[in-house]
Structures are given as C-alpha cells and as structure tokens.
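What follows is a set of notes on a single structure, which appears directly below.
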Amino acid sequence: KSTTAAADAAKNATVQWENLRTSYKEVTKEVEAMASQVEKTATLRNAEAAASTAIAQAFGTEREQRVAATRAAEVQAEQSLAIAKQRQLEVEVLKAERDALAAIGEELIKADPEKKKQLYDLNKQIALREADAGAATAQAAASKVAAAAAQAEQEAYKDNSGRVKELGEAYE
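In case it helps, the working numbering puts the sequence shown at residues 181 to 352.
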C-alpha cells in the first residue's frame, strides 16, 4: 500500500512539474513579448530624440541645441531604465519558476535526471539573465549620469542676455 502511495505521489509530482513548466512557458512568452515592446519603444523614443536634436543642430539657436541634447539624454536615460527594469522582471520570472519547481520535491529531482538537468539549465539561464540585467542597469545608470551632465552643461551655458545690465554693473 505504501508503494502505491509513493508511486502516486511521484506521478502527481511529475504532473505538477510538467504543468508548472507549461505555465511558465506561457508566462515567458508574455514576458518576451513585453521585452520586445519595451525595446521597440526605446528605439522609437531614442530615434525621436535624435531627430529633434538633429533639427535643433541644423536650425536652432545654441540654447535650443543644448535643450534638445539634454532632452535626448534624458529620454535615453528613461528608456535605458525601462529596459533594465524589463531585464530584472525576466530574472524574477525565471527565479520564480526555479523556486516553484524546486518546491515540488527534492525526491523527484533526485530520481529523474531529466528534471535535474532542467533545473540546472534554468539556473544557468538565470545566471546569464542576471548578468544581462546587471549590464542593463549599469547602462541605465550611465545614461542617467550623461543626462545630468547634459543638464549641467545646459545650465552652465544658459542664455544670460536678460542679465546684461547686472553683468555689466558687476564688471565695473
């Protein structure tokens, strides 16, 4: 009787494992679709900002050029952050899958080499995605610094024509 119960438990665990794998494949497809959309949006927004900067460079005043460059840097920082958040979401989904599979049972993993390999492969994928998420986060931080530098430059060279009298008096 206990052998039958153990066999039933193992079969149930296997069914749960396969159901989880199937469910997470669907979740992964959705997350990949979201990632694709985030990347397309980032590309579009960065292209718009670059076009705005090019127009300002061609036809704008120095102030307009600096404002456009600052705005482009800010847009790039925003989009880099969106990509970094998406990469982190991908890692979190993979970790949730790994934890859910591990929770089904150590015995199943020990007894079935295929399940053990699936878990090993999932851990490798998590490590790779974590590295990718880390790189995206670093890129977002660098973009934020570049945007702050562009803003500081814009402020340093802002139009002081309204202060001509004040500056003239300071000179005397």
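The beta carbon of each residue, even a glycine, is placed where N, CA and C say it ideally should be. If you're wondering where the values come from, they're calculated on a predicted model, not measured in any experiment.
{"Asked": "Exposure label - Gln-217; buried when at least 16 CB within 10 Å", "Found": "exposed"}
{"Asked": "Of the residues Glu-270, Ala-316, Ala-336 and Thr-221, the one placed nearest Glu-210, counting alpha carbons only", "Found": "Glu-270"}
{"Asked": "Limits of the unbroken alpha helix (DSSP H) element including Asp-292", "Found": "Note, Asp-292: premise wrong, no alpha helix (DSSP H); not H, not E."}
{"Asked": "Cβ-Cβ distance between Ala-306 and Trp-197 below 7 Å", "Found": "According to the sequence as given, residue 306 is Ile; it is not Ala. The answer is no: Cβ separation not under 7 Å."}
{"Asked": "Extent of the continuous alpha helix (DSSP H) run through Tyr-337", "Found": "Run containing Tyr-337: none; DSSP gives neither H nor E here."}
{"Asked": "Spatial distance of Lys-191 from Lys-295 (CA atoms)", "Found": "13 Å"}
{"Asked": "Residue interval of the alpha helix (DSSP H) (run including Glu-352)", "Found": "Per DSSP, Glu-352 belongs to no alpha helix (DSSP H) and is neither H nor E."}
{"Asked": "Per-residue burial, Glu-277 [other beta carbons within 10 Å of its own, 16 or more giving buried]", "Found": "buried"}
{"Asked": "Three CB pairs or more closer than 8 Å across the segment 256-264 and the segment 309-318", "Found": "yes"}
{"Asked": "Proximal residues to Asp-312 (C-beta, below 6 Å), its chain only, five neighbours per side dropped", "Found": "Arg-267"}
{"Asked": "Exposure label - Ile-235; buried when at least 16 CB within 10 Å", "Found": "exposed"}
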